[in-house]
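K.L.:
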Amino acid sequence: MATEVCGQIIAGLVGKILIREKSGQRIELGDLLVAEDKEGYLMLQVFDLIYGSQITQLAREMISGMNLEGMGAGLEFLEPQLRNYIIAEAQGVLRVTEKPHVPKVLPEFFSTVRHVEAKDLKFLTVPPNPVYLGKVRSGTKVIDVDVYLDGEEALRHHMLVPSTTGRGKSNLVKVMLWSILGQNKFGILVLDPHDEYYGRNSKGLKDHKDAKVNLLYYSVNPPSGANTLVISVRSIEPDHLNGIIRLTDAQEDGVRSYFQMFGRDWIENIARGTDVQGVARSTRVVLQRIFRTRFGIRVDDQGNLVCANRVFSESAGESTISDIVHSLEGGKTVVLDTSKLGDEGELLVGSIIANEILERYQGYKADGTLEEKPTVSVVIEEAPRVLGQDKLEKIGDNVYSTIAREGRKFKVGLIAITQITSAIPRDILTNLNTKIILGNEMSTERHSIIDSAAQDLSDNDRNIASLDKGEAIVTSIFTKFAVPIQIPKFEDYVASQATQVTMKEKVRFTG
Amino acid sequence: MISEVVKKVVKDLDGMMGESELGEPFLSSHNYRTHPFNVEHFKPISFVKSDRKIAFVDGGNRELLAAPNFSVQLNRVYFNIFEGRRRIQNSSMPQAVEFFSVTFAVFKNNQIFFDTSIFPVDDKFSGLMPSESDLSFSSADRRLMVGSSRADISRVASIARRFAEWRFSRHVVENELERGDVLVMDGALRTAFVNESKYAGEAYKIAKKRGVIYSGLSKTSRLFTTTGLSLLGAVRKLAENSEVGPLWYYYPIADSLSPEHEAAFFIVKLHEQAQRVFRYEIYGEQAKDLTPGEINEVLCQFHVNSCDASFPGYPYGLIDADANARVRYDEVETYRVMLLSEVSKLGSWSKFSRHMQSEDAHSILNMLMG
Amino acid sequence: MILMQRFAHVSDIHLGANSDPAISRLELQAFNQAMDECLKENVDFILICGDLFHVSIPDLRVVDDAVRKLRQVADRGIPVYAIYGSHDFTPGGKSIVDIIESAGLIKRIVSGEIEADKLKLNFFVDPKTGAKIAGISGRKGGLDREYYEMLDRESLENEVGFRIFAFHASLDEFKPQYLSGMESIPISLLPKGFDYYAGGHIHGRIEGTLPSYNHVIFPGALFGSQTRDHEASGKGEKRGFHIVSFDQLVREVKFVPVRVCDFIFRDLSVDGKNVRQAQEWLEENLESLDVGNKVVMLRVRGELSGGKTSDIDFGRLIRDLAERGAISVYVNKHGLTSKEFAAIRAAGEDAQTIENRLLKENLGTVKVSESTLKGEDGLKLAVSLLNALRPPVKAGESKQNYAERMKEQGIEALGLKEVFS
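In order, the protein sequences belong to chains P, L and G. Each residue of the first sequence is one higher than the one before, counting from 1 in the working numbering. Each residue of the second sequence is one higher than the one before, counting from 512 in the working numbering. Each residue of the third sequence is one higher than the one before, counting from 882 in the working numbering.
(1) Give the residues of chain P in contact with L:C811, contact being defined as C-beta atoms less than 7 Å apart.
(2) Flag L:P555 as yes if its beta-carbon sits less than 9 Å from any beta-carbon of chain P, otherwise no.
(3) Measuring CB atoms only, is the region 153-163 of chain P touching the region 412-428 of chain P, in the sense that at least three cross pairs come out at less than 8 Å?
(4) If the cut-off is 9 Å on Cβ atoms, which residues from the region 76-96 of chain P count as contacting chain L, listed in chain order?
(5) Taking P:L29 and P:R462 to be in contact with their CB atoms under 8 Å, please state how far apart those CB atoms are, rounded to whole angstroms.
(6) Which residues share a DSSP beta bridge with L:Q622?
(7) Where G:R1147 and G:R1120 are concerned, what is the direct C-alpha to C-alpha distance, given to the nearest angstrom?
(8) State buried or exposed for P:N431, treating a residue as buried only when at least 16 other CB atoms are found within 10 Å of its CB.
(9) Does the beta carbon of P:I9 sit closer than 9 Å to a beta carbon anywhere in chain L?
(10) Can you confirm whether P:G70, when its beta carbon is compared against all beta carbons of chain L, has any partner nearer than 9 Å?
(11) Return the residues of the region 769-786 of chain L that lie within a Cβ-Cβ distance of less than 9 Å from chain P, sorted by chain order.
(12) Would you say G:F912 reaches chain P, if we count a Cβ-Cβ gap shorter than 9 Å as a contact?
(13) Mind checking whether L:S582 and L:V667 have CB atoms under 9 Å apart?
(14) I believe G:H895 touches G:S1051 by the beta-carbon criterion, under 8 Å. Please report the beta-carbon distance rounded to the nearest angstrom.
(15) G:Q1058 touches chain P at which residues, Cβ-Cβ below 8 Å?
(16) Under the assumption that L:Y589 contacts L:D569 (Cβ atoms under 8 Å), give the Cβ distance between them as a whole number of angstroms.
(17) Relative to chain P, which residues along the region 1285-1301 of chain G have a C-beta separation below 7 Å, given in chain order?
(18) To the nearest angstrom, report how far apart P:V5 and P:A465 are at their CA atoms.
(19) Evaluate G:T1356 with the Cβ neighbour count: other Cβ atoms within 10 Å of its Cβ, from every protein chain shown; 16 or more gives buried, anything less gives exposed.
(20) Buried or exposed for G:Y1028, going by 16 or more other Cβ atoms inside 10 Å?
(21) Counting pairs of Cβ atoms below 8 Å between the region 336-350 of chain P and the region 287-299 of chain P, do you hit three or more?
(22) Taking only beta carbons into account, state which residues of the region 846-859 of chain L come closer than 8 Å to chain P, listed in chain order.
(23) What residue does the beta strand (DSSP E) around G:C930 start on, and which one ends it?
(24) Pairs of beta-carbons, one from the region 63-76 of chain P and one from the region 15-24 of chain P, closer than 8 Å: are there three or more?
(25) Give the interface partners of L:A566 over in chain P, defined as CB-CB distance under 8 Å, in chain order.
(26) So which residues of chain P does G:Y1028 contact, with C-beta pairs closer than 7 Å?
(27) Could you tell me which whole beta strand (DSSP E) segments of length 3 or greater appear in the region 471-499 of chain P?
(28) Would you identify the three-state DSSP class for G:V870, choosing helix, strand or coil?
(29) Can you tell me which residues form a DSSP beta bridge with G:F1122?
(30) Helix or strand or just coil, what does DSSP make of P:G30?
(31) By the DSSP assignment, the alpha helix (DSSP H) with P:F291 in it spans what residues?
(32) With the cut-off set at 9 Å, would you say L:D695 and L:L829 are in Cβ contact?
(33) By DSSP's criteria, L:Q584 is part of a beta bridge. Which residues make up the other side?
(34) L:S867 to L:L879, Cα distance in whole Å?
(35) Across which residues does DSSP place P:M159 in a beta bridge pair?
(36) Do P:A88 and P:D48 have their beta-carbon atoms positioned less than 9 Å apart in this structure?
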């Protein structure tokens, strides 16, 4: 059955095509419409809706006044569907002939338009290494066409998930990670400050059929089978602090002196108050305080090196970083529950791992073996903590900003989640080549996102402002157009992926 | 001081418009016999269910190219059908016809005549066009002259549209309406030009044969009373003084004695909220056979169609017909450019412009003055 | 008043690991010294957490020596409790540990049943101290992980009394750096709240604590069975075992060093030298070394600019050192390459690490449809098979018997016993 016509093109320019809505059809903001012609069709997206009327403004105001004041008895608009109507302002997003391309012509004047159907989106194929995002959305309607990104490209070239609270960004990331988990092709490091990805008390990544093999979960208090997030203090090197905390020149020199003198035991010696020639006592005291207050590392009354958040340890966690990096190189997903850590603790842990991965991958590139390695991506929430302009100016570059700028050369990517896109400098934003835009009420933030998008979204301000929970727009150098999507609720997505439970072999216990 | 002068102007005008004496309807005596104002002539329009359809016809035209010796116009005639508020789809006729008309000055019989040629936009409109042979008018025809000046060619050119309305209406009556239905033209049923009565006669004949009531509704009226008041204003004043109710018609006003205006005249107030009353005419031969009940039923259908909030008391069918019959300014420009382009291709621009420039000084002045 | 009680915690003795007679003697000496120390301290019991022997059916001479000492300990009334390690365990069959247990010289304390997909372990109670010991033996290739995953931790955690959990496995949280990437389990698979976690399998000494897991102890290899162990000893790593004092709680964990000889370790880089230069340089550097009565561990690495690695006369170097009194000389050449041969570059330090890496790298090139032969499962199986087929022919064992034994172990490692039975 042919889709009903929902409107007709009546005027406009390339950037703003005016479509009169057929009465009863309800064209929505964000709707994808199709104008067919002999060679193919043009796909348009609605970015604004305005009232149109054959009745003058003054007459309408008068009539309204009469209605409101109770004087319009027996009067109405005859044939209202002809005389009062909606005009949709739309933009051509894709011209589909043999090969979809950016439209460079106007659709035929007065051509009718209809709502998009699944068959119009056949060009959205499943890429190799697919990362699932959701289904195509037209306005509020969900079209049964799945939207994927090619993981190899998208993860390597970084992603940004800008959104205000409550719009579903965690849900989105969970859906993406779920689809990645089954592939064992990408290493994903998730710094999880709200402990929401693993699914300790609810559905989460742990419920994936391949979780046992492809998922590792590190927490300060892990459930059975999960790993303890404990890292040897000896794993920390001075470079790991770059961009995490601000040190004066004297403090930086002090740190380097301790490292030179004591090697991997440098922090222990600072904590123990060991004097080092060339480092002023006051500097050493300040460094002690920094490690105590920022990272919780100190020496207790029994002379043991302890960590308040239990993450850094004197005796345990020597191979934790290597194990994590090894898992990432093996294409696994590693979730770090950083909910018990402070900001700096979380960033430091991430920094240690990210530095290690980046170094290794730089080595592989030098070796010529980089292409055999899976792309590794780091998921970081509240990205301005490490990518924010003022942070970078005050404290300096850190491994995350380095990854953002150069990581793709080494197959190390970033998935940055943020509420404040405007805080991230432009040169970094332009490197985040895929943006999955969720709803955002803040006008400055929307403009910041729009300015750095891969497609022209200059007319999508209203669209973005009206995105509801679970609705998003994917703008990427790897998509043919800015694809509006509906992200499924994670629980529903998981249920739809449920596979048959395989019967386990009976296990025999031998002591 | 200007404000003082303005006060004087208004006071003077107010004084002259004394409504204490309404007088009597005044139409030119030899063509009409008037009836004195009588409160008894007011009849309420009471609601009665009806399935009579009303077809509304209107035309429009605009000049595309003008010169003292020629005028090219775009003409359009349009119709719709309503049953009460509900639009009825036309079954066989095109909703509108369009044609170009070229009126040219020719010298014949020792006089300047303005002859018009018709160019329908679509061949299927050909049968609905007026005959070109009926569209030859002497520039010295008194009915067309302006004072002692020769008739204006632009005005003569618009007669083609008027004839087309009659012919079109006739076909509407013949093909789209049934016994008891009504056809309404925009304007009075008076024929003013040579050969126009032929077209009116054809229309009336078909209407009478098919039992379709032929009528016309005028937006404006320049009729007066013997005390210098506007006729419509005087009737309204009379209605207000007489407490006749919000919905009424006034009949009779005058009897027509002229074959050029075979009509019965009504003044109608078609909606409670209406700010205006209108002159409504029914073909005389049909009007005399209508009972008061039938007249009430017809006017009640008008009332039902006149409740559009944008213009209470004026039939929505005529609002629609007016909107669709209009030739808009932007259309004019498009066609004008096309015409001039063709002229240029023919290599005749110098010839055309010589004649067009003798007319367009006004527009230049307008442009200069803003 | 509750008296302080003590037990000795030993692991990874690996008797029979070293084929060199001199080293083999030292290995036994270490074991004897440790047992003597236990006798001297009059511990209440000894707990051996796996790999008492290096293989499940070792050389009988090694067994004989071990049994003698164990007899001494038994005669003194000190029970010896043990769990299997990954080396001295044999799937399905009998290992030497079982035979020694039958002789009443040791007691294997692991017992449990699988009920409704949960592994319920039984506590073994030491009659003298009342200490309750539960545990899981080690298995090759990390196959014991399955047991930990199905372990009924709750029932163990609810037990009252002084509890020891004995295990032979690498723990993620306490793995040394050099074991990164190797099979290990997270400590969260162990029951919480025990008084002591007696570990084995990791050859370096570890004494650690984590929330809910106090006293996680790996004594480390008692002497060492691999090149890496001896290198570590040469770098200063102390070998020994632990004596744990306890009443209701652990009061003291004391490390008791066991030193039977000195080790020397040298890391020698011949990078960029040709064969002749490398030979000369090595001889020069080793000339001044005091190797008398020491085990010498040499790691020679780098890329020779010319010639083959086999052109370097390591034999001469070794003979020279031996003549100067070295007990034994090990030369680790795995990091040595030459420009002339594009050898497979393996970044591991010892044979086992290199093996695992090579297996992993090449597994992907083998096209198989059976899922158990792919990925991590396939790697585990390959390692398991390699280890099962690794042991050499024993003294006095006929070729036919050896072949049968290898076949049996191979079938067991592949889990095909029922198919071939």
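Note that the Cβ used here is the ideal one computed from N, Cα and C, for glycine as well.
P.N.:
From the atom records:
(1) Within chain P, no residue has its CB atom less than 7 Å from the CB of L:C811, the nearest being about 13 Å off.
(2) For L:P555, no CB of chain P lies under 9 Å from its own CB, so it is not counted at the interface with that chain.
(3) Yes, they touch.
(4) Identification of residues in the region 76-96 of chain P having a C-beta nearer than 9 Å to some C-beta of chain L yields E76, F77, L78, E79, L82, R83, given in sequence order.
(5) For a cut-off of 8 Å, the C-beta gap from P:L29 to P:R462 is around 6 Å, short enough to register as a contact.
(6) DSSP lists L:K619 as partners of L:Q622.
(7) About 19 Å.
(8) When all chains shown are included, P:N431 counts as buried.
(9) Not one chain L Cβ lies under 9 Å of P:I9.
(10) No, P:G70 lies away from the interface with chain L (no Cβ there is under 9 Å from its Cβ).
(11) For the region 769-786 of chain L, which is checked against every Cβ of chain P, the residues closer than 9 Å are H782, E783, Q784.
(12) It does not: the Cβ of G:F912 has no partner Cβ on chain P nearer than 9 Å.
(13) Yes, these two residues count as a Cβ contact at 9 Å.
(14) About 16 Å; that fails the 8 Å criterion.
(15) Ordered by position in chain P, the residues that pass the 8 Å Cβ test against G:Q1058 are E318, S319, S322.
(16) That pair is a contact at about 6 Å.
(17) Legend: CB atoms of the region 1285-1301 of chain G lying less than 7 Å from CB atoms of chain P are not found in any residue.
(18) Straight-line Cα distance between these residues: approximately 27 Å.
(19) The displayed coordinates of chain G run from 882 to 1302. Any statement about residue 1356 of chain G would go beyond what the structure contains.
(20) Residue burial is scored here from C-beta neighbours: G:Y1028 has at least 16 other C-beta atoms within 10 angstroms and is therefore classed as buried.
(21) The region 336-350 of chain P makes contact with the region 287-299 of chain P, as at least three CB pairs between them are under 8 Å.
(22) Answer set for the region 846-859 of chain L: empty.
(23) Residues 926-930.
(24) They do not touch, by the three-pair rule.
(25) Going along chain P, no residue has its Cβ under 8 Å from L:A566, so there is no contact; the nearest lies around 16 Å.
(26) One finds F509 in chain P with Cβ atoms closer than 7 Å to the Cβ of G:Y1028, taken in chain order.
(27) Entirely contained in the region 471-499 of chain P, the beta strand (DSSP E) runs reaching 3 residues are, in chain order, 471-476, 483-486.
(28) In the structure displayed, chain G extends from 882 to 1302; residue 870 of chain G sits before or after that span and is not available.
(29) Per DSSP, the beta-bridge partners of G:F1122 are G:V1137.
(30) Correct three-state label for P:G30: coil.
(31) Element bounds for P:F291: 281-295.
(32) A small fix is needed here, since residue 695 of chain L is Val in this sequence, not Asp. With contacts defined as CB atoms closer than 9 Å, L:V695 and L:L829 qualify as a contacting pair.
(33) For L:Q584, which the question treats as bridged, DSSP gives the partners L:E574, L:S612.
(34) In the sequence as presented, Ser is not what sits at residue 867 of chain L; that position holds Met. Distance from the CA atom of L:M867 to the CA atom of L:L879, rounded to whole angstroms, is 19 Å.
(35) When beta bridges are read from the DSSP output, P:M159 appears opposite P:I415, P:T434.
(36) Result yes, Cβ atoms of P:D48 and P:A88 sit closer than 9 Å.
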